[in-house]
Each structure stands twice: as C-alpha cells, then as structure tokens.
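S.K.:
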Amino acid sequence: MTLAVFASAVVACERSVSFSPADIAAHHMLERAPRGFFLGAATSAYQIEGGARTDWTDWEKGSYADGTPHVANGASAARAADSWNRWRLDVAALRSMGANMYRLGVEWSRLEPTEGAWDVAAVARYREMFAALRAAGVEPMVTLSHFTLPPWVAARGGWDWAGTPAALAAFAGRAGAAFGDLVDWWITLNEPNVYVAKGYLAGQWPPGAKDPARAVRALAAFERAHGLMTQALRAADRVDADGDGHATRVGIAHNVRVFDARTWNPIDRVAARAADDFYNEQFLDAVARGRVHAKLPRVLEIDEPFPALAGSFDFLGLNYYTRELTVGHLFGDEHYEPTTAPGRPLSDLGWEIYPEGLYRVLKRYAARPWPLFVTENGVADAHGDLRPDYLRAHLFAVDRALSEGVNVIGYLHWSLIDNFEWSHGYEGRFGLYTIDFAHDPTLARRPTPAVDTFREAARALGTLRP
Ligand code: PNW
35 MTLAVFASAV
45 VACERSVSFS
55 PADIAAHHML
65 ERAPRGFFLG
75 AATSAYQIEG
85 GARTDWTDWE
95 KGSYADGTPH
105 VANGASAARA
115 ADSWNRWRLD
125 VAALRSMGAN
135 MYRLGVEWSR
145 LEPTEGAWDV
155 AAVARYREMF
165 AALRAAGVEP
175 MVTLSHFTLP
185 PWVAARGGWD
195 WAGTPAALAA
205 FAGRAGAAFG
215 DLVDWWITLN
225 EPNVYVAKGY
235 LAGQWPPGAK
245 DPARAVRALA
255 AFERAHGLMT
265 QALRAADRVD
275 ADGDGHATRV
285 GIAHNVRVFD
295 ARTWNPIDRV
305 AARAADDFYN
315 EQFLDAVARG
325 RVHAKLPRVL
335 EIDEPFPALA
345 GSFDFLGLNY
355 YTRELTVGHL
365 FGDEHYEPTT
375 APGRPLSDLG
385 WEIYPEGLYR
395 VLKRYAARPW
405 PLFVTENGVA
415 DAHGDLRPDY
425 LRAHLFAVDR
435 ALSEGVNVIG
445 YLHWSLIDNF
455 EWSHGYEGRF
465 GLYTIDFAHD
475 PTLARRPTPA
485 VDTFREAARA
495 LGTLRP
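Read the sequence shown against this note's numbering and you will find it ends at 500, with the numbers running on by one and no gaps.
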C-alpha cells in the first residue's frame, strides 16, 4: 500500500465516526472523569472587560473600501460586559454552575499602557479577581495574549515588528512575578493560527492584510513569542499556588478545526491536507522539534532552530468549534475554499455543529506528548436552544476519548457570558449566561438553558453539591 492510499484509508475511517443521538441522551456526562478533572468556562479580557484601549479599539472605528464597517453594526468593545467593574457577577455565575476553573485574560495594554510602564492599580484589580476565584474554589487559568495588542506595539508594526516576541516575553515575566502566587495555569497565546488567518490572509482583523508571505512571518513570530514567554514565566513564577507540586503549567490555546475534503477529488484532498498542515500542525511541530517552523507551499518557508520552544508545553490547549469541508482550486488566487456539510445543523454564525470532530481531534492529538485540555468549545446561539445539546454532545465526545485512554485533563466552555465577538460584535452569542447589552443597564448575567446541562455534569464530577 502506498503512503497516500494508506493516509486516505485512515481519513475515511476517521470520518465514519458517528454519534447516535440516543447514546448521547442516555449518557451521564463526566461520571467517570479522572480525579482532578477541570470543568469550567472561558472568556478573554478585551471581549468582556470594557474600557481597554488596544489595536482593536481603532479597528472597530474603521470600515472596508465598500463602506461596510469592520465590526457588524459598527459595534465596539468600549463597554462590553463591563467585567472590569462587574467581575463579581462573573464569579457568582461560575459558583452557581459548579465550575472549578475559569479561563480569563489579562489585558497587556492595561498593565503596560506605554512601553515599560506598569499600572499597579490594574495589577491590584486582577489580584483581587484571582484571589476571589480561589476563595470560591475556582482555579484561574490566565491568558496573557488574546488577539489584542497595546497601541504602542501596533504603532511599531504589531506582529510585523521584530521586537514583539521580546516585548511579550518581558510582559509575561512581569505578569508571572505579579500574579504567580495566585496563578499556576498560564496560556501564553490564544489561537495564533486564527489571528494569522484573519489578520494576514482574510484581512478581516487588524492589521487587515491579505498577504501570504507576511502570514508565514507572523506565524513564525508567534512561535518565537511563545517560546520566550514560557521561559520568562517559568523564571518569574516560582510559587505553587494550589499545592499540586507545579508552580507553572504553560500552554497555548490552539484552535483546531477538522478539514475534510468535500469530495474524493484529489484537488479537494490536497487542499484539505494543506489547510490542515498550516492551520493545525505547524505550531505543534515547532514546539515538538524546538524549531521555528512556518510554511505556505509556493509562498515561503521559515525553518530555524529555536531552543526556547523545546519543552515549552506542559499541556496542549485545544479550542474546538467546528469542521470545514474543503474544496480545492487549481487556478486563481484562492487555492482553497471552505464550505459546510449539506443538511447538517449550523450555529448562528453558520458553523457546522459536529461533536464527532472533538472526539477525532482528541484521538489525533493523543499521539502528541502532551496532556490535552479543551480550553474552548461552544456555539453561537442567541436563543439558547442549541447549546444544551451542543454541550451534552461535546462532553460525550470527551468522555468517549477518556474511556479510550486519552489523557484529557479539563473542559472549558466558551463562553461564560455573552461578549464582544470580534468582527461579529454582539451578533455572535456564545454565553452560558446571556446579557441584554442594548436594554439592561445592569448588564445582568441571566442563565441560558445550558446552565442546567452544565450543572448536571458538575454534579457528576462532584464540583456541585446535589
Ligand atoms: C475563538 N473563525 O476565536 C476565540 O478564542 C474567542 O475569542 C472567540 O470569541 C471564540 O473562538 C468564538 O469565535 C475564533 O472564524 C474566532 O474561524 C474566529 C474563528 C475561530 C475562532
């Protein structure tokens, strides 16, 4: 059997995984999860806090050449969920669900508003949040960089500036020193691949580029940043806050997407494999090999030793939402076109609901040397009627992987609360708790039906008293 035939046989059998609705409904979520399993929810600083000034603040005010605003309805994150002031509501929501972990962000531009400055009042506020979480039995997992850059970094060129990885490493070291006694779990970077795809290939996020060579260079810069940030964090945070023997647990939150070829046509299959390689694999290969590695075929390849990457993952965070059916094109600028599977359920943003994909992703990455952590998974669903089944089916996928011996150590739902969904503004509603941004001046966090589903899992896990 040639390698190509073998590879497509593997793909065919992976694709044939199909969950039965009756099995999902009868299933007891997380009942057999290992001791110490983390169950919780995630947010990011800029999407919920309000009041921060970043490169997005300017991007939100802009529009495309045809007049369409960069963000749906010209929305902005100026207030968002006002979690900078109302964060106690978020802690209460987590407690009431039975969560034992919360992934949240710190905003670089708030802590270091100009190069080298350090805002001690902002440090104090974050410390208060982390301490309150710990007191509530909720372990914080802190994201240092989640899509936004301080204006002073953006002005130098953002991810095109050769100094950005070192600037982020300096920030990571200061954050490690400032918060290390309260925080053990760290995410250096959120979804470098999404940032690169949106900001440098699709031109839909800052800096609004459509430039494949710049995209490759940006991915390489993210890899360097992660390696340097990890070194800085491990040097600065020596305090084991939760007494489990580890002062730091470092990873990235890596967006993974299932790319299935739309047909058996080899052009579609080549496109699916190329997308899979650039999007899913290259960052992980870089860490596994201790080399910066980024490549788009026929565009640019960067491959150079970078020892700081070696051993830089204590775990692999996976953000899983959906799959894409890939169509390839031999001619034209776009070699690859994403489509969705006909007849399958879709979220409000048109993303296929495909829980088997989470199982496939966990099985696939079980072959890597890192414990797996589902750091995001969720659905845009303004009415709240898709989310209960979405959550149940995706926890079914986690349980099935666990039962087959995959080392999954936690599951965090995106998102705890409705928030600023980047270019979709307030159109994409991912919250377990919903917020009426337009009419409710108190921005109350109101439970959607999926909170009950979450509680069912938390009871089985033992993190919520019956
Ligand atoms: C992730 N896409 O982003 C992020 O980490 C969150 O900030 C975000 O709110 C969440 O998923 C829901 O979208 C993504 O278009 C944004 O492929 C866009 C895409 C994927 C992930």
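Every residue, glycine too, gets a C-beta built ideally from N, C-alpha and C.
Buried or exposed for Glu162, please, with buried defined as at least 16 other CB atoms from any protein chain shown within 10 angstroms of its CB.
M.R.: exposed
S.K.: Could you check if Ala275 is buried or exposed, using at least 16 other CB atoms within 10 Å of its CB as the buried criterion?
M.R.: Classified as buried, Ala275 has 16 or more neighbouring CB atoms from the shown chains inside 10 Å of its CB.
S.K.: Report yes or no: do the stretch 410 to 423 and the stretch 479 to 487 share at least 3 C-beta pairs separated by less than 8 Å?
M.R.: yes
S.K.: Which class does Arg283 belong to by DSSP, given the choice of helix, strand or coil?
M.R.: DSSP places Arg283 in the strand class (E or B) of the three-state scheme.
S.K.: Nearest CA to the CA of Arg69: which residue from Ile443, Ala416, Leu396?
M.R.: Ile443
S.K.: Pick from His288, Asn289, Arg307: whose alpha carbon is nearest that of Thr297?
M.R.: Of His288, Asn289, Arg307, the smallest CA-CA separation from Thr297 is found for Arg307.
S.K.: According to the Cβ coordinates, are His288 and Leu350 closer than 8 Å?
M.R.: Contact: yes.
S.K.: Under DSSP, the alpha helix (DSSP H) around Met263 begins and ends at which residues?
M.R.: 246 to 270
S.K.: Assuming Gln316 and Ser457 form a contact by the criterion Cβ under 8 Å, report the distance between their Cβ atoms to the nearest whole angstrom.
M.R.: That belief does not hold up - the Cβ atoms of Gln316 and Ser457 are roughly 24 Å apart, past 8 Å.
S.K.: Which residues in the same chain have their Cβ closer than 6 Å to the Cβ of Arg378, if we skip the five residues on either side of it in sequence?
M.R.: Glu386
S.K.: Buried or exposed: where does Thr476 fall if 16 or more other Cβ atoms within 10 Å of its Cβ makes it buried?
M.R.: Counting Cβ neighbours within 10 Å, Thr476 comes out exposed, since fewer than 16 surround it.
S.K.: Roughly how many angstroms lie between the CA atoms of Thr497 and Glu173, to the nearest whole one?
M.R.: 12 Å
S.K.: For Val395, which residues in the same chain have their Cβ closer than 8 Å to its Cβ, ignoring the five residues on either side in sequence?
M.R.: If we look at Val395 and ignore the five residues flanking it on each side, its Cβ neighbours are Val290, Val292, Leu352, Tyr354.
S.K.: Nearest to Leu429 by CA position, among Ala342, Ile58, Arg129, Pro376, is which residue?
M.R.: Ile58
S.K.: By the 10 Å Cβ neighbour count, where 16 or more other Cβ atoms means buried, how is Asp310 classified, buried or exposed?
M.R.: buried
S.K.: The alpha helix (DSSP H) that contains Met131, what's its start and end?
M.R.: 117 to 131
S.K.: Should the stretch 96 to 106 be regarded as contacting the stretch 193 to 201, the criterion being three or more beta carbon pairs within less than 8 Å?
M.R.: no
S.K.: Spatial neighbours of Glu461 within its chain, please: C-beta separation below 6 Å, excluding the five flanking residues on both sides.
M.R.: Ala106
S.K.: Report all residues from its chain with a CB closer than 6 Å to the CB of Ala281; omit the five preceding and five following residues, and keep chain order.
M.R.: Same-chain partners within the cutoff: Asp271, Arg272, Val273, Asp274.
S.K.: Please state whether DSSP places Lys95 in a helix, a strand or coil.
M.R.: coil
S.K.: At the level of alpha carbons, what is the spacing between Ser52 and Val432?
M.R.: 14 Å
S.K.: Could you round the C-beta distance between Ala114 and Glu83 to whole angstroms and report it? I think they count as a contact, below 8 Å.
M.R.: 6 Å
S.K.: Would you say the beta carbon of Val228 comes nearer than 7 Å to a heavy atom of the ligand PNW?
M.R.: yes
S.K.: For Tyr388, which residues of its own chain have a beta-carbon under 8 Å away from its beta-carbon, when the five flanking residues on both sides are left out?
M.R.: Val292, Thr356, Arg357, Ala375, Arg378
S.K.: Keeping to the same chain, check which residues put their C-beta closer than 8 Å to that of Phe40; ignore five residues upstream and five downstream.
M.R.: The pLDDT assigned to Phe40 is 42, lower than 50, so where the model puts this residue is not dependable; a value taken from the coordinates is nonetheless given after this. Cβ within range, chain order: n/a, list empty.
S.K.: State the beta-bridge partners of Ser179 as determined by DSSP.
M.R.: The beta-bridge partner set that DSSP reports for Ser179 consists of Leu223.
S.K.: Since Lys329 sits in a beta bridge, which residues does DSSP pair it with?
M.R.: Lys329 is bridged to Glu335.
S.K.: Between the alpha carbons of Ala79 and Gly139, how many angstroms are there, rounded?
M.R.: 4 Å
S.K.: Using 8 Å as the cut-off, can you tell me whether the stretch 83 to 99 makes contact with the stretch 128 to 143, which would need three or more C-beta pairs spanning the two stretches below that distance?
M.R.: yes
S.K.: With respect to 7 Å, is the separation between the Cβ of His180 and the closest non-hydrogen atom of the ligand PNW below this value?
M.R.: yes
S.K.: Can you tell me whether Ala491 is buried or exposed, with buried defined as 16 or more other CB within 10 angstroms of its CB?
M.R.: So Ala491 counts as buried.
S.K.: Mapping DSSP to helix, strand and coil, what is His104?
M.R.: coil
S.K.: Is Trp93 near the ligand PNW, with its Cβ less than 7 Å from a heavy atom?
M.R.: no
S.K.: Please list the segments of the beta strand (DSSP E) lying wholly inside the stretch 380 to 444, counting only runs of 3 or more residues, in order along the chain.
M.R.: 406 to 410
S.K.: Check this for me: beta carbons of Phe72 and Leu64, under 8 Å apart or not?
M.R.: no
S.K.: Within 10 Å of its beta-carbon, does Pro557 have 16 or more other beta-carbons around it, so buried, or fewer, so exposed?
M.R.: Any property of residue 557 remains undetermined from this structure, which presents the chain solely from 35 to 500.
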